[in-house]
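Data block below; observations after.
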Amino acid sequence: MDRTKNNKKATESNTDKPLILVCNDDGIRSEGLSALALALRRIGEVYVVAPDREQSAVGHSLTLHRPLRFEEIAPKWYSVDGTPTDCVTLAVHGKVLPRRPTLVVSGINKGANLGEDVSYSGTVSAAMEGTLLGIPSIAISLEGKRGFDFAPSAKFAAKVASTVLKKNLPKDTLLNINIPHQKKIKGVRLTSQGKRIYGDVVIEKEDPRGKKYYWIGGDMLRWEGGEDTDFAAITKGYISITPIHLDMTNYSAISELQYWNFKV
Ligand code: MN
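In this note's numbering, each residue's number is its place in the sequence shown (first place is 1) plus 163.
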């Protein structure tokens, strides 16, 4: 490796501490991101690489058809004109960070990421990307719509991050953490990914010129399943930690489908 090129970065970087990459999908200006980065600085050397604007619900999208650019906003603080997945990919494989991150923490998202939200969420996808790259990763979201107080969630994230740094995570598994909105939190529950019951998620309206337009997204918080789900924990005032596995294979379906006799 050519050390002279990275000399400046190497001297600035504290190699004794684990390098923690912080990302989000609400964009570089989100208070959730700065609260998280600040709390994590107590346990590691923090680099922030986040989208230059809101990227909520972009899922695991990767930008392949245009160039991407880093902008240094402050020391160890970069914005990228791409998705959360782009940010993690560039941070890990690009030449901006002094070394490979030891941990990826994504959030703190404004709003919960429960049940099927996991498939759409840019916050969770950033942690998925970290996991795919073999780095232990955590996604953290705070329930609610406004009036967020991120500091307690950031403190909790740092606690979990510190434990993950000590113990590592099971293979191909990320932690999806959701914090309830209320001040008095009852405790922490390990949960399974719940299943939302969808209501009218597409709203049809008419614009001032008489043309119809559509708005995706409902406010439903009804779910199927029992007490062990992420939904149930949050509703009852508990922090939810769901271990999410990246292998989406339904193993029991393989044994069932073999009787279908698929043939060429
Ligand atoms: Mn978001």
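Idealized CB from N, CA, C, for every residue including glycine.
Any heavy atom of ligand 1 within a distance shorter than 7 Å of the CB on aspartate 188? Position 25 of the sequence shown holds residue 188. Judged by the Cβ position, aspartate 188 qualifies as a neighbour of ligand 1 at the 7 Å threshold, a heavy atom of the ligand being closer than this.
Three-way DSSP call (helix, strand, coil) for phenylalanine 233 in this model: To locate residue 233, count along the sequence shown from 1; it is residue 70. Residue state, collapsed to three classes: strand.
Is threonine 248 near ligand 1, in the sense that its beta carbon is under 7 Å from a heavy atom of that ligand? Here residue 248 is taken as the residue at index 85 of the sequence shown, counted from 1. Outside the cutoff, so no.
Isoleucine 206 and leucine 328 closer than 8 Å at C-beta: Numbered from its first residue, the sequence shown carries residue 206 at position 43. Numbered from its first residue, the sequence shown carries residue 328 at position 165. Cβ atoms of isoleucine 206 and leucine 328: closer than 8 Å.
Evaluate contact between the stretch 358-374 and the stretch 416-425, counting only Cβ atoms and requiring at least three cross-stretch pairs below 8 Å. Contact fails: fewer than three Cβ-Cβ distances are below 8 Å.
Would the stretch 194-202 and the stretch 219-229 be scored as touching if the rule is three or more Cβ pairs under 8 Å? Flag = no, the stretch 194-202 and the stretch 219-229 do not touch.
According to DSSP, glutamate 390 sits in a beta bridge with which residue or residues? Counting from 1 along the sequence shown, the entry for residue 390 is found at position 227. As far as DSSP is concerned, glutamate 390 takes part in no beta bridge.
Beta-carbon contacts of isoleucine 397 that lie in its chain and below 7 Å, excluding the five residues immediately before and after: One-based indexing of the sequence shown puts residue 397 at position 234. Closer than 7 Å at the Cβ level, and outside the excluded window around isoleucine 397, lie Ala275, Leu277, Glu306, Asn341, Pro343 and Ser403.
Distance CB(proline 315)-CB(leucine 182) smaller than 8 Å: Position 152 of the sequence shown, counting from 1, holds the residue named residue 315. Position 19 of the sequence shown, counting from 1, holds the residue named residue 182. Remark: C-beta atoms of proline 315 and leucine 182 do not approach each other more closely than 8 Å.
Go to leucine 295, then tell me how far its alpha helix (DSSP H) extends in each direction, as first and last residue. Start at 1 with the first residue of the sequence shown, and residue 295 comes out as number 132. In the DSSP assignment, leucine 295 falls within the unbroken alpha helix (DSSP H) covering 285-295.
Just checking serine 415 against ligand 1 - is the residue's beta carbon closer than 7 Å to any of the ligand's heavy atoms? The residue given as residue 415 occupies position 252 in the sequence shown. No - ligand 1 has no heavy atom lying nearer than 7 Å to the Cβ of serine 415.
Quick one: is the Cβ of serine 219 within less than 7 Å of any heavy atom of ligand 1? As a working note, residue 219 is residue 56 in the sequence shown. Under cutoff, so the answer is yes.
For threonine 178, three-class secondary structure by DSSP: In the sequence shown, the residue the question calls residue 178 occupies position 15. The answer is coil: DSSP assigns threonine 178 none of H, G, I, E or B.
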